[in-house]
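Protein chains in written order, with this note's numbering: chain F, 1 to 566; chain E, 567 to 1164.
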């Protein structure tokens, strides 16, 4: 693993980057292209941005002898998905001024802005920092945005769980000043003191690293899809600590059996004051044992499968200097969001809105972006983004509810009142035209697909049945497709792998039913399954569970259930 | 390798070569060796007649070219593997990515292997789109001397497995090339099919390159410049090969890149020359003129020795989009319109100029109706003149083609569509239609000696001749440096030939590029602002003997550029403004400051 020649290209780039500086400043200043250099592209991710291009225009511009319509996606770092109305207004301003007039809620509980041109990138990032939102490490081979159950604050213990998400996020941030120099014009310290990354080292992690905190019975963060999943254990309103689950991850490559989605393994329990050191320990083991030659095999899940869970746990305990306690009992009921108003323990109110694919835009008859700007101008609480791409207007005083309701209705944000069961539980990644990895449509396909699925469900009397649907334009898994009761994973324009049979709480992976099929085949397959489900299901039985019980699925190639090792 | 081992090189070139190859890896070095061999083949040694020269194709004769089209890197890896193995076996080989390959070299290839993947159902990899398109088109040359083989990569779960590989394989055969081995079709488990195929291909290459007979001597490639058979009065009907918009969809300008074929015409041109185009007026415009005068287009009309129908006179022999003073005067006479007559008085010069810049013949007919007979109308209208466009290609690179960069003048005036006669005519030509053209030499706008630096300043379509300049100098391997200063409204949509300039910069064929996009920021920035920013450098280049060119809008750009140049010469040459002007005049007299403005 120390053989330099065999290291992946990215390892060389990181090592030579002077703590993530590379030649980003020069690349940004190059007037001949709207792109940045290939190496800088890789480094830019660590700063919270990806270079993309409008793929709808790629062919047209090639013929026009113009380079692709290069543009940048900027992703914020919002631990636990919480932001203030003032921060919201700033995002709104950036979206309208420099981005493509939309805000995108991601499946990791933060905002992405798309379509920012190179010349506007620095001011967009600076504008976020002006309202105390950073983008550092929102992407890249580091710990990314820490997600936490967006369940409206129900008890002091829940609040505490969110605080831990914030502390983890801050504690695990890279220490390099490169971000501040490049985007915020921070002057180099005179004398140029030696920089270091005590946790990450100069080459950071072998691959991205994701942490999520779930507060049972809600698994809205899909805790088993995280590299490090933490299950808050709360008894009698007191946060006792966290079950620790390691090695979750969604990404896979088509036709490559050495890559696979994996659910995190629960390896024990830690008390709150042990949490930061435990997280560091997991990161250190991955830093030193992760595969730095083949990026496809670099996520923690492969490290753990290579070492074995027991050996991994032993190595972790050796490093952190204490043993994990046996894991505590927990129970998840679902991994979706609860729409509508709920009351917190402190008498404040929370309104969860459904945002299709998390895209906030002003469309004819649906001025959602403007609606939320209007709400942000009056709202006295905060906003919470969910891992299911939805939005909570949180901490509303009882006296404000009528006003918020009126605005929600005026701007047509009240669609959540009339959703079918499947629409309530649908998640789609961005895919075309901006995502460079997309092989098929996803976000743009969802509105076309849903009515067809709804028609089929209605025929079988299942319209109100909650079913988790996940759409993904490629196998990398941003929409956590392997945890969908139904999932489409893109293969080519108009063609998908159809996967079915995950459970309703994010604890069992689905399986491939058919590979590489088109819409008519997808609809026919599902219609047949819906018919069986309507006729043969047991009381309260979920769609995915029914398929498994009925033996309607092919055998799985990898373990598919969440496992407990402690 | 050190530069000292490169003994045939002049001493001053040795460190350059060392610098060039420093840090390059095998694939790049292989490419370079092939590239240089190609350059060598195309240069004629001085002092020998063309007929005695070996054909430029001579060295491609004994060489294998491996082209690859790759999306995820698999095809590239296999192609490079093949290249390494062939090289290790002592064969001359070059490995080229499809979009870095000059398709005009195809004709000279003798042994070609293609490794190409298929994306999704039947899409080529991005780097191969142009090649696939070119081969599929009618422009693909006959390849009877070529032997080839294709290795396709794909995913058999798609209905059209390896479609692109198959398509290329069949197309090359259809073009007359001889297939050396059946096309390989490698599935996701690449190596099973790919490795045996590569083994085979290598073995074939060995046999081919060992046994190939010397090429028959080819006679001269270029005929000497002589009186062309085609000229202004007898234009060549050039088939249009490509009519491609080159401004992005957000642009408010419709700029076309046009490629025409001169094949069989014997026409020759030099970079800087112009192409004359005889337009035909739009039938809709001719009909509107006929209708407004209630004249019959089928009437025969004789003027002088020529007789045509009125419609033909108007469509092919008379100006309709430009007004002239004599015609306005004649029209005023006929209409008896006092307002019009006043416009012709010396005191109304500005108003008349404004009218000329905005009105066309039809506007005059509509607003100031008058009676015309067919004969008097034809006699009074100005004869149609051909339009001249700076040629955007170097013949040494594009062979029998000629390229133009044309801005389609198309706007609404007073609620009516208005356009420029020739730009509309060209913009609306379909590929395959003929365009009457001739070459108009522009000796004052030619390239200097190869070792001189050049500074090229152009806005909008004024960039056209510089495309020809850079093509030519790259082809000749000219030692002088090339500096382009280009301006247009928007970076994203109006950066004409952006990708080509980027490539030229990367390849060291363009040494400096300064850009002025006037409307991308609050304050407008034009080429003259960039010149002033670079004043010291520009003056140094001029002092060093550089030739300077200005092409584009005559009314403002050329004047503003001249002012900027005078200011630069005054400041950096420590001259008074009169001396600076004199210095520039001298430059013009020496032919070192040339303008092609319109």
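Ideal placement from N, C-alpha and C gives every residue a C-beta, glycine not left out. The structure presented is a predicted model; accordingly, all values stated were derived computationally and were not measured.
- Under the three-state reduction of DSSP, residue 751 of chain E is assigned to strand.
- Judged by pairs of C-beta atoms under 8 angstroms, the segment 83-92 of chain F touches the segment 366-385 of chain F, as three or more such pairs exist.
- Per DSSP, reduced to three states, the secondary structure at residue 380 of chain F is coil, with no helix or strand assignment.
- In this structure, the alpha-carbon of residue 316 of chain F lies about 6 angstroms from that of residue 282 of chain F.
- A Cβ-Cβ contact shorter than 8 angstroms links residue 1146 of chain E with residue 1135 of chain E.
- Within 8 angstroms of the CB of residue 34 of chain F, the CB atoms of chain E belong to 1057 and 1058, in sequence order along the chain.
- Under the three-state reduction of DSSP output, residue 1008 of chain E falls in the coil class, being neither helix nor strand.
- Contacts with chain E at 8 angstroms (Cβ-Cβ) do not include residue 42 of chain F.
- At a cut-off of 8 angstroms, the C-beta of residue 73 of chain F has no neighbouring C-beta in chain E.
- For residue 162 of chain F, the number of other beta carbons within 10 angstroms of its own is at least 16, and it is reported as buried.
- Contact annotation for residue 31 of chain F against chain E: 1081 [CB-CB distance below 7 angstroms, chain order].
- Look at residue 1084 of chain E here: in three-state DSSP terms it is coil, with no helix or strand label.
- Listed by position along chain F, the residues whose Cβ is nearer than 9 angstroms to that of residue 969 of chain E form an empty set, because the closest Cβ is around 11 angstroms away.
- For the pair residue 18 of chain F and residue 169 of chain F, the CB atoms are not nearer than the 8 angstroms cut-off.
- Using a CB distance below 8 angstroms, the part of the segment 55-68 of chain F facing chain E consists of 57, 58, 59, 60, 61, 62, 63, 64, 65, 66 and 67, ordered along the chain.
- If you check the CB distance, residue 327 of chain F and residue 269 of chain F come in under 8 angstroms.
- Contact between residue 1004 of chain E and residue 796 of chain E holds: CB atoms are separated by about 6 angstroms, below the 8 angstroms threshold.
- Secondary structure in the segment 693-759 of chain E: the beta strand (DSSP E) runs of 3 residues or longer, each lying completely within the stretch, are 713-719 and 750-752 in chain order.
- Of the candidates F:474, F:356 and F:26, the residue whose Cα lies closest to the Cα of residue 432 of chain F is F:474.
- The beta carbons of residue 363 of chain F and residue 428 of chain F sit about 16 angstroms from each other, so the pair does not count as a contact at 8 angstroms.
- Under the Cβ distance rule, residue 347 of chain F does not count among the residues neighbouring chain E, no pair being separated by less than 8 angstroms.
- Rounded to the nearest whole angstrom, the C-alpha separation of residue 907 of chain E and residue 1089 of chain E is 43 angstroms.
- For residue 173 of chain F, same chain residues with a beta-carbon under 7 angstroms away, outside a window of 5 residues either side, are 136 and 137 in chain order.
- Nearest to residue 212 of chain F by alpha-carbon distance, out of F:150, F:154 and F:530, is F:150.
- In this chain, residue 250 of chain F is not harboured by any beta strand (DSSP E), its DSSP state being neither H nor E.
- If the five residues before and after residue 513 of chain F are omitted, its C-beta is found closer than 6 angstroms to the C-beta atoms of 498 and 500, all from its own chain and listed in chain order.
- Sorting F:176, F:256, F:277 and F:88 by C-alpha distance to the C-alpha of residue 14 of chain F places F:176 at the top.
- Following the DSSP letters along the chain, one finds residue 459 of chain F inside the alpha helix (DSSP H) bounded by residues 446-459.
- Listed in chain order, the non-local C-beta contacts of residue 940 of chain E below 7 angstroms within the same chain comprise 861, 865, 867 and 876, local neighbours out to five positions each way being set aside.
- Collapsing the DSSP output to three states places residue 1091 of chain E in coil.
- As for any alpha helix (DSSP H) of minimum length 4 sitting wholly inside the segment 850-938 of chain E, the runs are 891-901, 904-909, 915-924 and 927-933, ordered along the chain.
- Counting only Cβ-Cβ distances below 8 angstroms, residue 686 of chain E has contacts in chain F at 439, 491, 492, 493 and 495, in chain order.
- The C-beta separation of residue 636 of chain E from residue 691 of chain E comes to about 6 angstroms, placing the pair in contact by the 8 angstroms criterion.
- When the alpha-carbon of residue 210 of chain F is set against those of F:249, F:521 and F:16, the nearest one is in F:249.
- With its beta carbon less than 8 angstroms from one in chain F, residue 1063 of chain E belongs to the interface.
- Contact between residue 645 of chain E and residue 632 of chain E holds, since their C-beta atoms are separated by about 5 angstroms, short of 8 angstroms.
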